[in-house]
Amino acid sequence: MNSIAGEAKVGAPMIARPKRRLNPKKKHDYMWGYLMILPTMVGTIIFNFWPLVQSLYLSFTKWGAFGSYSWGGLVNYRRLFSDPNLAMALRNTIVYALMVVPASLALSILVAVLLNQDIRGVGVYRTLYFLPVVTMTVAVGMVWRWLYNADFGLINHVLKLVSIEGPRWLTDPSWSLSSIAVVAIWGGIGHNMVILLSGLQSIPSTYYEAAEIDGANAFIKFFRITLPLLTPTIFFLAVTGLIGALQVFELIFMMIGPESPVIRQTQTLVFMFYREAFIFMDKGYAAAIIFILFLLVLVVTIMQFAAQKKWVHYE
Amino acid sequence: MATKQSKASKVVLHAILILGAVFMVGPFLWMVSTSLQTLGEATKIPPTLIPSQFHLDNYRRVFETLPFATFYKNTIIITVARVLGQLFFCSLAAYAFARIEFPGRDWIFVSLLTVLMVPGQAYIIPQYLLMMRLGWLDTLTALIVPGLTSAYGTFLLRQFFLTLPEELQEAAIIDGCNHFKIYWKIFLPLSVPALIAMSIFTALWSWNQLMWPLIVNTSQAKMPLSAGLASLQGQYSTHFPMLMGGALLAIFPMVILFLVLQKHFIEGIALTGTKA
Numbered sequence: 008m009n010s011i012a013g014e015a016k017v018g019a020p021m022i023a024r025p026k027r028r029l030n031p032k033k034k035h036d037y038m039w040g041y042l043m044i045l046p047t048m049v050g051t052i053i054f055n056f057w058p059l060v061q062s063l064y065l066s067f068t069k070w071g072a073f074g075s076y077s078w079g080g081l082v083n084y085r086r087l088f089s090d091p092n093l094a095m096a097l098r099n100t101i102v103y104a105l106m107v108v109p110a111s112l113a114l115s116i117l118v119a120v121l122l123n124q125d126i127r128g129v130g131v132y133r134t135l136y137f138l139p140v141v142t143m144t145v146a147v148g149m150v151w152r153w154l155y156n157a158d159f160g161l162i163n164h165v166l167k168l169v170s171i172e173g174p175r176w177l178t179d180p181s182w183s184l185s186s187i188a189v190v191a192i193w194g195g196i197g198h199n200m201v202i203l204l205s206g207l208q209s210i211p212s213t214y215y216e217a218a219e220i221d222g223a224n225a226f227i228k229f230f231r232i233t234l235p236l237l238t239p240t241i242f243f244l245a246v247t248g249l250i251g252a253l254q255v256f257e258l259i260f261m262m263i264g265p266e267s268p269v270i271r272q273t274q275t276l277v278f279m280f281y282r283e284a285f286i287f288m289d290k291g292y293a294a295a296i297i298f299i300l301f302l303l304v305l306v307v308t309i310m311q312f313a314a315q316k317k318w319v320h321y322e
Numbered sequence: 714m715a716t717k718q719s720k721a722s723k724v725v726l727h728a729i730l731i732l733g734a735v736f737m738v739g740p741f742l743w744m745v746s747t748s749l750q751t752l753g754e755a756t757k758i759p760p761t762l763i764p765s766q767f768h769l770d771n772y773r774r775v776f777e778t779l780p781f782a783t784f785y786k787n788t789i790i791i792t793v794a795r796v797l798g799q800l801f802f803c804s805l806a807a808y809a810f811a812r813i814e815f816p817g818r819d820w821i822f823v824s825l826l827t828v829l830m831v832p833g834q835a836y837i838i839p840q841y842l843l844m845m846r847l848g849w850l851d852t853l854t855a856l857i858v859p860g861l862t863s864a865y866g867t868f869l870l871r872q873f874f875l876t877l878p879e880e881l882q883e884a885a886i887i888d889g890c891n892h893f894k895i896y897w898k899i900f901l902p903l904s905v906p907a908l909i910a911m912s913i914f915t916a917l918w919s920w921n922q923l924m925w926p927l928i929v930n931t932s933q934a935k936m937p938l939s940a941g942l943a944s945l946q947g948q949y950s951t952h953f954p955m956l957m958g959g960a961l962l963a964i965f966p967m968v969i970l971f972l973v974l975q976k977h978f979i980e981g982i983a984l985t986g987t988k989a
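Chains as they are written, first to last, in our numbering: chain A, 8 to 322; chain B, 714 to 989.
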């Protein structure tokens with residue numbers, strides 16, 4: 008990007024000119040640059056950067072009655088190590104994410120591939136599959152809580168029709184986490200499908216044509232062409248999906264809730280954070296929990312980035 | 714991708730897709746059905762699939778027990794304010810990050826990205842304490858102001874602006890336009906798809922947000938739909954027809970909006986996937 012003033016300077020021979028480091032154009036650029044980013048940066052400093060520093064500080068504070076707090080050193084972190092709630096929440100969060108992300112991706116890939124064809128009603132199908140994405144998570148939680156209701160819910164009724172006694176999906180600790188995972192998978196398919204579809208559409212058809220000439224059937228085309236070329240998109244969805252799944256809150260809150268007898272066994276890290284910060288009013292401890300979550304997200308994301316060399320094909 | 718398919722495989726394909734569609738949409742149909750039943754009907758065994766009479770009573774009761782209209786009003790105000798705020802502030806900053814050179818620009822941008830790498834809950838407690846000190850607890854202001862700027866929106870739009878040709882501004886600079894004019898008259902009009910994508914994303918996120926409104930606004934007059942619904946379930950945890958009515962009322966505006974603007978929604982989400 009050469010400015011006209013710059014070119015003129017290069018052409019000028021040995022006339023003595025005062026060296027100006029800030030010509031009017033640069034001044035103009037600098038002023039506008041800083042001005043235009045100002046509102047966003049002010050907002051980010053007030054609501055993101057400074058809170059981050061404060062959160063870190065808070066994780067070292069001890070909270071007492073009536074919201075008073077003082078420096079506590081590592082008291083919160085030491086408590087974390089011996090708190091069975093944390094171990095439970097950590098385990099649940101990881102198990103939940105491992106249940107949701109691979110299943111969601113697998114189903115979404117299947118749906119995206121099926122809907123990438125020119126069949127009748129493809130637009131209608133895509134709309135229907137995308138519908139759960141635009142519905143409020145809180146409402147979705149309420150609807151599925153009704154579906155999962157052990158006595159009157161539709162799921163157990165349908166199971167009864169085939170003589171299966173359905174479990175107490177949301178009040179039996181061995182089922183509660185999986186029940187919520189199903190809802191998350193259900194809700195995420197549409198979103199993943201749309202992104203996968205645009206990834207699929209960027210695969211040149213010449214690859215498929217060449218394969219067809221060689222006599223490849225649909226399976227070979229999928230596993231040798233489609234899937235490898237789709238891996239960058241899958242990687243993106245896996246990373247963002249995992250980060251999102253590790254932060255699950257609304258579904259747990261609406262479907263299980265803080266009062267439920269199984270909340271201890273079903274709680275996740277963010278839910279525990281909410282409970283400690285706003286029900287038990289120990290904001291210092293809650294801040295320490297978030298730090299653990301941050302470490303978890305960091306470790307998981309780094310692991311994913313390191314592993315990508317093994318399975319992601321970049322052109 | 715054209716595939717030659719026999720009639721049989723076509724039937725199988727549609728069967729699978731229809732089954733999947735039923736799984737996707739079924740819960741909503743069931744929600745509608747339950748909301749039109751009485752409590753007695755809903756708790757009958759076996760269940761009533763299609764209610765004999767459409768009882769609109771549940772909807773009336775939802776509006777009577779909780780200020781649902783206020784929840785709607787609040788949610789709309791908050792969402793519109795945030796979308797407008799982000800549309801302006803994010804695009805402004807994105808233009809500067811993408812097209813103006815100034816000292817420290819890339820470092821500042823990277824610092825913005827670090828915001829996205831931290832779980833959102835790390836900000837909540839200090840933000841809550843700030844709202845408390847400012848006296849903004851239990852106000853709509855508290856729900857709007859933190860969402861007026863967005864690191865994610867800025868990131869998205871900056872990536873998009875980078876794809877626009879550089880020649881655009883050179884002609885304008887020669888003409889003596891300042892950067893704001895270039896941004897306003899040239900870049901913005903060309904970015905409509907990206908701006909729509911960002912608006913949809915922001916609107917959906919804002920509509921969905923639960924934890925922040927839950928902890929900041931405790932009086933019903935100031936609650937948005939998400940917190941309001943949570944209250945409804947808190948009060949009437951087993952009156953499922955009423956709960957389903959409330960759920961329907963909460964999701965129905967977004968669903969209508971989606972059905973009308975489908976193409977934009979889907980293109981918008983696809984855009985966020987390819988640009989990131």
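Think of the CB as a built atom: it goes at the ideal place given N, C-alpha and C, for glycine as much as any other residue.
Open item on the list: Helix, strand or coil for T68 (chain A)? Go by DSSP, reduced to three states.
Closed with: strand
TODO: Taking E216 (chain A) as the reference, give the member of A:M43, A:G206, A:I232, A:I202 with the closest Cα.
DONE: A:I232
Open item on the list: Just to confirm the assignment: which complete alpha helix (DSSP H) runs, minimum length 4, are found wholly within the segment 839-892 of chain B?
Closed with: 853-857, 864-875, 880-887
TODO: With 7 Å as the C-beta to C-beta threshold (strictly closer), list the residues of the segment 269-298 of chain A near chain B in chain order.
DONE: V277, F280, Y281, A284, F285, K290, A293, A294, I297
- [ ] Have a look at A728 (chain B) and A734 (chain B) and give me their C-alpha separation to the nearest angstrom.
- [x] 10 Å
TODO: Could you say if the segment 76-84 of chain A and the segment 291-308 of chain A meet the contact criterion of at least three C-beta pairs nearer than 8 Å?
DONE: yes
TODO: Hey, could you find the ends of the alpha helix (DSSP H) S209 (chain A) is sitting in?
DONE: Element bounds for S209 (chain A): n/a, residue is neither H nor E.
Open item on the list: Using 8 Å as the cut-off, can you tell me whether the segment 151-169 of chain A makes contact with the segment 60-72 of chain A, which would need three or more C-beta pairs spanning the two stretches below that distance?
Closed with: no
TODO: Mark Q208 (chain A) as exposed unless 16 or more other C-beta atoms lie within 10 angstroms of its C-beta, in which case mark it buried.
DONE: exposed
Task: Beta-carbon gap between T100 (chain A) and P180 (chain A) smaller than 9 Å - done: no
TODO: Just the chain A side, please: which residues come within less than 8 Å of Y772 (chain B) by C-beta, in chain order?
DONE: Under the 8 Å cutoff, chain A gives no residues; its nearest Cβ is about 14 Å from Y772 (chain B).
Open item on the list: Using 9 Å as the threshold, is the C-beta distance between L942 (chain B) and A916 (chain B) below it?
Closed with: no
Open item on the list: Do F873 (chain B) and A907 (chain B) count as a contact pair if the criterion is CB distance below 9 Å?
Closed with: yes
TODO: Indicate the three-state DSSP secondary structure (helix, strand or coil) for W176 (chain A) in the structure shown.
DONE: coil
Open item on the list: Less than 9 Å between CB atoms is the rule here; does L305 (chain A) satisfy it with respect to chain B?
Closed with: yes
Open item on the list: the ligand GDP and G947 (chain B): does any heavy atom of the ligand fall closer than 8 Å to the residue's C-beta?
Closed with: Summarising the ligand content, the structure contains no ligands, and the ligand GDP is consequently not present.
- [ ] Reducing DSSP to helix, strand and coil, say where S919 (chain B) ends up.
- [x] helix
Task: Contact the segment 873-889 of chain B vs the segment 920-940 of chain B: 3+ CB pairs below 8 Å - done: no
Task: Burial state of Y76 (chain A) (16 or more Cβ within 10 Å) - done: exposed
Open item on the list: Considering just the uninterrupted stretch of the beta strand (DSSP E) at Y76 (chain A), what are its terminal residues?
Closed with: 76-78
TODO: Give a yes or no on contact between the segment 187-198 of chain A and the segment 734-751 of chain B, applying the rule of three or more CB pairs nearer than 8 Å.
DONE: yes
Open item on the list: Can you check whether the C-beta of Q872 (chain B) is within less than 9 Å of a C-beta belonging to chain A?
Closed with: no
Task: When A:G173, A:P174, A:M48 are compared against W820 (chain B), the one with the closest alpha-carbon - done: A:M48
Open item on the list: Among the candidates B:A811, B:A835, B:F815, B:M911, whose CA atom is the shortest distance from the CA of V304 (chain A)?
Closed with: B:A835
Task: Chain-ordered chain B contacts of A146 (chain A) [CB-CB under 7 Å] - done: L942, A960, A963, I964
Task: Buried versus exposed call for M43 (chain A) [16 or more other C-beta atoms within 10 Å across all chains shown] - done: buried
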